[in-house]
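K.L.:
So that you can map any letter, position 169 of the sequence shown is 169 in the UniProt record's numbering, and since no number is skipped, the others follow by simple counting.
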Amino acid sequence: MILDLDIGNTLSKWRLKSMEQDRIIERGSVWTRDRWDGSQELPDFRDLKAIRISNVAGKDILRKVERLAKRYRVKLYVARSCEESAGVRNGYQKPEALGVDRWMGVLAGYHALGGCCVIDCGSAITMDFVLPDGQHLGGFITPGMRLMKESLKLGTSNVPFQQDDTYQGLTVPGTSTQEAVTHGIFLAAVGQIALAYDQFCQSQKQKLPVILTGGDAELIHRGLSIHAYMWPDMVYAGLELIFPLTEQELQGQLYGAPVRAKIIEKVVFA
Ligand SMILES: Nc1ncnc2c1ncn2[C@@H]1O[C@H](COP(=O)(O)OP(=O)(O)O)[C@@H](O)[C@H]1O
Ligand SMILES: CC(C)(COP(=O)(O)O)[C@@H](O)C(=O)NCCC(=O)O
Ligand SMILES: [K+]
1 MILDLDIGNT LSKWRLKSME QDRIIERGSV WTRDRWDGSQ ELPDFRDLKA IRISNVAGKD
61 ILRKVERLAK RYRVKLYVAR SCEESAGVRN GYQKPEALGV DRWMGVLAGY HALGGCCVID
121 CGSAITMDFV LPDGQHLGGF ITPGMRLMKE SLKLGTSNVP FQQDDTYQGL TVPGTSTQEA
181 VTHGIFLAAV GQIALAYDQF CQSQKQKLPV ILTGGDAELI HRGLSIHAYM WPDMVYAGLE
241 LIFPLTEQEL QGQLYGAPVR AKIIEKVVFA
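Here it is as structure tokens:
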């Protein structure tokens, strides 16, 4: 069994993947700031062959995982941002400073679709752009929806947005503090993405595919008018790409990868 860890600043997501088949056996998450020891939310470490980790929540967490890997004598693969990997050249002045979750997303996105725009809607909303020739151009970082809400401390609570169909109402002016805040935040999240993507396509004179991932991707996706692929396992896919362990991964098949919509040529009957 392989344990893949996507450690974000809010949630630490994990999944258990079987070595033999391309199957996810179990998934879970723990609050990154919580104590992990003895947490019921973590998988059983005993039957693991390997742990692969993308971590943006600091060294303490990494040390915790290193201790676990050592205790259970499991091989640990730690992802790090670097200058170039899997055909992508890191556009950061200091490549190692790029968040490794962003780097995993960019590598997976480029492998699946070539040039693309990768958007991770988590504690922060990050956007990254990669050209068809593999050049990463960098991107944008803004507070995620929950952080925007908390920063206002206006009639808000720590409860995440209801991922239900009330989003339609989110684009009309709010008539209470709660509504004005919730609608405003949604508008900010969706609006910045639309503006940044539009300006990018104008400057590059090409429309690159957009891939969304992260805890708030569903909600934001429904507010976007641009077409976007959803890839919940995108960060994990970056781990599969740089640390391939299963048959499929060794053949470059990434779990849940979007398949570029084929433009069906109009069949014209003579
Ligand atoms: N305090 C909280 N209580 C409940 N859900 C939360 C809380 N904070 C964040 N969330 C939800 O958890 C998800 C965090 O997104 P995720 O992409 O996992 O973030 P990160 O990778 O930055 O940790 C979001 O969907 C958000 O709505
Ligand atoms: C921007 C981030 C905090 C996003 O993390 P997340 O929302 O996934 O918790 C993370 O990618 C990060 O720590 N980046 C390092 C700084 C940078 O990418 O420029
Ligand atoms: K994330």
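Cβ atoms here follow ideal geometry from the backbone N, Cα and C, with glycine treated the same way.
Since this is a predicted model, take the numbers as computed values, not measurements.
In the DSSP assignment, what are the bridge partners of I24?
P.N.:
For the purposes of this step, residue 24 is identified with residue 24 of the sequence shown, where counting begins at 1. For I24, which the question treats as bridged, DSSP gives the partners K17.
K.L.:
Who are the Cβ neighbours of L11 in its own chain at under 7 Å, not counting the five residues just before and after it?
P.N.:
Reading the sequence shown from its first residue, position 11 is the one you call residue 11. Result list for L11: S29, W31, T32, G215, in chain order.
K.L.:
Measure the C-alpha to C-alpha separation of Y110 and S151 and round it to an integer number of angstroms.
P.N.:
Position 110 of the sequence shown, counting from 1, holds the residue named residue 110. Position 151 of the sequence shown, counting from 1, holds the residue named residue 151. Computed Cα separation, rounded: 34 Å.
K.L.:
Rounded to the nearest angstrom, what separates I220 and V65 at their Cα positions?
P.N.:
In the sequence shown, counting from the first residue as 1, residue 220 sits at position 220. In the sequence shown, counting from the first residue as 1, residue 65 sits at position 65. So the two alpha carbons sit approximately 32 Å from each other.
K.L.:
Please state whether the Cβ-Cβ distance between G91 and L170 is less than 8 Å.
P.N.:
Along the sequence shown, one-based indexing puts residue 91 at 91. Along the sequence shown, one-based indexing puts residue 170 at 170. In this structure, L170 does not lie closer than 8 Å to G91 by Cβ.
K.L.:
Around ligand 3, which residues pass a check of Cβ closer than 6 Å to any of its heavy atoms?
P.N.:
Qualifying residues, in the order they occur: G8, D101, D120, G122, G214.
K.L.:
What are the complete beta strand (DSSP E) segments, minimum 3 residues, inside the segment 44 to 103?
P.N.:
Entirely contained in the segment 44 to 103, the beta strand (DSSP E) runs reaching 3 residues are, in chain order, 50 to 55, 75 to 78.
K.L.:
What did DSSP end up calling S29 once you bin it into helix, strand or coil?
P.N.:
Residue 29 sits at position 29 when you count from the first residue of the sequence shown. Looking at S29 - three-state DSSP - the assignment turns out to be strand.
K.L.:
Count the other CB atoms, across all protein chains shown, that sit within 10 Å of the CB of H227; report buried if there are 16 or more and exposed otherwise.
P.N.:
Stepping through the sequence shown from its first residue, residue 227 is reached at position 227. H227 comes out exposed.
K.L.:
Applying the criterion that 16 or more other CB atoms from any shown protein chain within 10 Å of the CB defines a buried residue, is R141 buried or exposed?
P.N.:
Position 141 of the sequence shown, counting from 1, holds the residue named residue 141. It is Ile, not Arg, that sits at residue 141 in the sequence shown. The residue in question, I141, is exposed, as its Cβ has fewer than 16 Cβ neighbours within 10 Å.
K.L.:
Report yes if the C-beta distance between A108 and L195 is below 8 Å; otherwise report no.
P.N.:
Residue 108 sits at position 108 when you count from the first residue of the sequence shown. Residue 195 sits at position 195 when you count from the first residue of the sequence shown. The answer is no: Cβ separation not under 8 Å.
K.L.:
Find the nearest neighbour of V190 within the set I25, P43, D120, judged by alpha-carbon distance.
P.N.:
As a first step, residue 190 is located in the sequence shown; it is residue number 190 there, counting from the start. The shortest C-alpha separation from V190 is found at D120.
K.L.:
Hey, how far is the Cα of E96 from the Cα of I51?
P.N.:
Counting from 1 along the sequence shown, the entry for residue 96 is found at position 96. Counting from 1 along the sequence shown, the entry for residue 51 is found at position 51. For E96 and I51, the distance between alpha carbons rounds to 21 Å.
K.L.:
I want to know whether the segment 236 to 250 touches the segment 70 to 80 - three or more CB-CB distances under 8 Å.
P.N.:
They touch, by the three-pair rule.
K.L.:
State yes or no: is the C-beta of G105 within less than 8 Å of the C-beta of M234?
P.N.:
Residue numbering aside, residue 105 sits at position 105 when the sequence shown is read from its first letter. Residue numbering aside, residue 234 sits at position 234 when the sequence shown is read from its first letter. In contact: G105 and M234 (Cβ atoms closer than 8 Å).
K.L.:
So what does T213 bridge to, in DSSP terms?
P.N.:
Reading the sequence shown from its first residue, position 213 is the one you call residue 213. According to DSSP, which records beta bridges pairwise, T213 is partnered with D120.
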